[in-house]
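Heads up, the sequence shown is in this note's numbering, so the first residue is 22 and it goes up one at a time.
To start, the structure under review is shown below, and the notes come after it.
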Amino acid sequence: MKAIQLSKFGLDEFKIVEVEKPVPGPGQVLVEIKAASINFRDYLIARGVFAPASDLPIIPLSDGAGKIVDIGQGVTELQIGDRVTPLFFPKWMSGDALGDERSVSSGLEADGVLRQYGVYDERAVVKFAEHLSYEEAACFPCAGLTAWTSLVTVSHITRGECVLVLGTGGVALFTLQFAKALGAKVIITSSNDERLERAKDLGADYTINYLNEPEWGAIAKDITNGRGVDMVLEVGGTGTLPQSFKAIRRGGHIPIIGNLSGAKMDIEVYQLILTNAHLHGIGVGHREGFEQMMRFVGNHELHPVIAKEYPFEEASSAIYDAGEGGHFGKLIVNIKT
Ligand SMILES: NC(=O)c1ccc[n+]([C@@H]2O[C@H](COP(=O)([O-])OP(=O)(O)OC[C@H]3O[C@@H](n4cnc5c(N)ncnc54)[C@H](OP(=O)(O)O)[C@@H]3O)[C@@H](O)[C@H]2O)c1
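Here's what the structure looks like:
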C-alpha cells in the first residue's frame with residue numbers, strides 16, 4: 022500500500038513510499054482511509070518546529086476518515102463497512118488524562134492518516150454521523166473536537182450566551198458553527214473583510230476586523246452592552262490575551278488553544294482577579310467528547326466548511342498552503358484508491 026512519509030524535517034521532504042498493508046490483531050480494525058484534513062500543527066510538525074526531537078520517519082496528519090474493511094478477533098463494537106474517524110489521542114477515553122492518555126497522538130508519536138490503510142484498536146476509532154461524507158468527517162478529530170472541548174466541555178456555553186471567536190481558522194469556524202447550533206450569539210474577528218462576510222453567511226452575528234480595530238476586545242464588550250462575552254476562543258496568546266480580558270464578562274471562560282501571536286502570556290494578575298475569568302489550557306479532547314460532539318453534529322446535520330481538496334500525490338502542497346493561510350475552511354487530501 023502507499024503512504025506518505027516524512028523522514029527528514031522540511032516541507033520538501035514528503036515522499037510517497039510503498040509499505041506493507043497492516044493486518045488487524047485481536048481487538049483491532051483495519052481502516053481503508055479515504056480522506057484526510059490538514060491542521061496548522063501538521064505544518065509546524067513538518068517544519069520541525071512543533072516537536073523537533075521526534076523520531077522520524079513519521080506518517081503525517083492526525084485527521085482522517087475511512088471505512089472498516091477487516092476486523093480482528095474479539096472486536097465487538099464495530100463491523101466491516103462502518104465509517105469511522107481515528108481519534109487524535111487514541112488512548113484518551115475521558116476525564117483529565119492524569120496517566121499516559123496523551124502520550125501518543127496521531128501523526129506524530131503514532132502513524133497519521135496519510136496512508137491507504139491503518140490498523141487501530143477498536144476504541145481508538147469512532148463512527149461518524151451518517152449525513153457526513155468522508156471528506157467532511159475527516160475535519161473533526163482535531164479541529165472539530167478542539168472547538169467542542171472549548172465551547173461545551175470546559176465553557177458549558179448554552180442558548181442566549183455570547184461567544185467571541187478569534188480569527189477564521191479551522192477551529193474558529195467549528196466554534197462558530199457549534200455556537201450557533203447551540204443558540205448562542207457569535208462575534209467573530211478576522212484580518213480580512215471577505216472572510217468576515219463569509220462568517221456572516223455561516224451565522225456570525227457581529228464581525229470585527231482586528232487589524233482595523235486594535236481595540237477589538239472593548240468593541241466586543243460594547244456589543245454585549247458592557248456585560249462582556251461569556252467565552253473567548255483564544256488562538257493568539259501574547260498579542261491577543263490583553264484584548265480578550267477586555268472582552269470577557271466576570272466569571273467568563275477563555276479556552277486557550279494557540280499562540281499564533283506569541284507564546285508568552287504576560288497576564289496582568291489583577292485583571293484576572295477583577296474579571297474572575299477562567300483560563301483553560303486546551304489539548305484537543307477525549308473520546309467521550311468526540312462521541313458527544315458527533316451526536317450533536319448528527320442531530321443538527323452540520324457540515325464543516327471545506328476550502329479546497331487535493332489529490333494524494335499533492336498532499337505536501339496542501340500542508341504548505343495550510344501554513345500560508347488565507348483559506349476559509351479546511352484543506353482536504355483525497356486518499357481514495
Ligand atoms: N490546543 C489545541 O488542542 C489545538 C488544536 C487545534 C489547533 N490549535 C492551535 O490553534 C491555532 C489555530 O489552529 P487552526 O487549525 O484553526 O489554524 P488555521 O486554520 O491555520 O487558522 C489560523 C487563523 O488564525 C487567525 N489568526 C492568526 N493570528 C491571529 C491574531 N493575532 N488574532 C486573531 N486571529 C488570528 C487567522 O484568522 P484570519 O485569517 O481570519 O485573520 C488565521 O486564519 C494554531 O495555533 C493551532 O496550532 C491548538
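Quick reminder that beta carbons are idealized off the backbone N, C-alpha and C, glycines included.
Please read these numbers as outputs of a predicted model, since none were measured by experiment.
Within 8 Å, strictly: CB atoms of residue 184 and residue 205: Yes. Within cutoff.
Enumerate in chain order the residues of its own chain whose CB-to-CB distance from residue 65 is below 6 Å, with the five nearest sequence positions on each side excluded. So the list reads 71, once near-sequence residues are dropped.
Here's the rule I'm using: 16 or more other beta-carbon atoms within 10 Å means buried, otherwise exposed. How should residue 159 be labelled? It is buried - the Cβ of residue 159 has at least 16 other Cβ atoms within 10 Å.
Taking the runs of the beta strand (DSSP E) that are 3 residues or longer, which of them lie wholly in the stretch 238-302? Listed in chain order, they are 250-254, 269-277, 299-302.
Is it right to say residue 77 is buried, meaning 16 or more other beta carbons lie within 10 angstroms of its own, or is it exposed? Flag for residue 77 reads exposed.
Tell me whether residue 201 sits in a helix, a strand or coil according to DSSP, three-state version. Residue state for residue 201 is assigned as helix, using DSSP reduced to three classes.
Local Cβ density within 10 Å of residue 104, reported as buried at 16 or more and exposed below that: Around the C-beta of residue 104, 16 or more other C-beta atoms lie within 10 Å, and the residue is accordingly described as buried.
The beta strand (DSSP E) with residue 87 in it runs from where to where? Bounds of the beta strand (DSSP E) holding residue 87 are 84-92.
So, at 8 Å on beta carbons, what are the nonlocal neighbours of residue 321 in its own chain, with the 5 sequence-adjacent residues on each side left out? These residues qualify, in order along the chain: 202.
C-alpha gap between residue 292 and residue 121, whole angstroms: One alpha carbon belongs to residue 292, the other to residue 121, and they sit about 35 Å apart.
Using 7 Å as the cut-off, classify the Cβ of residue 281 as near or not near the heavy atoms of ligand 1, replying yes or no. True, at least one ligand heavy atom lies under 7 Å from that Cβ.
Residue 297: buried (16+ other C-beta within 10 angstroms of its C-beta) or exposed? The residue in question, residue 297, is exposed, as its Cβ has fewer than 16 Cβ neighbours within 10 Å.
Can you tell me which of 68, 352, 181, 57 puts its alpha carbon nearest to the alpha carbon of residue 328? Checking every option, the nearest Cα to that of residue 328 belongs to 352.
By how many angstroms is the C-alpha of residue 155 removed from the C-alpha of residue 166? Answer to the nearest angstrom: the Cα atoms are 17 Å apart.
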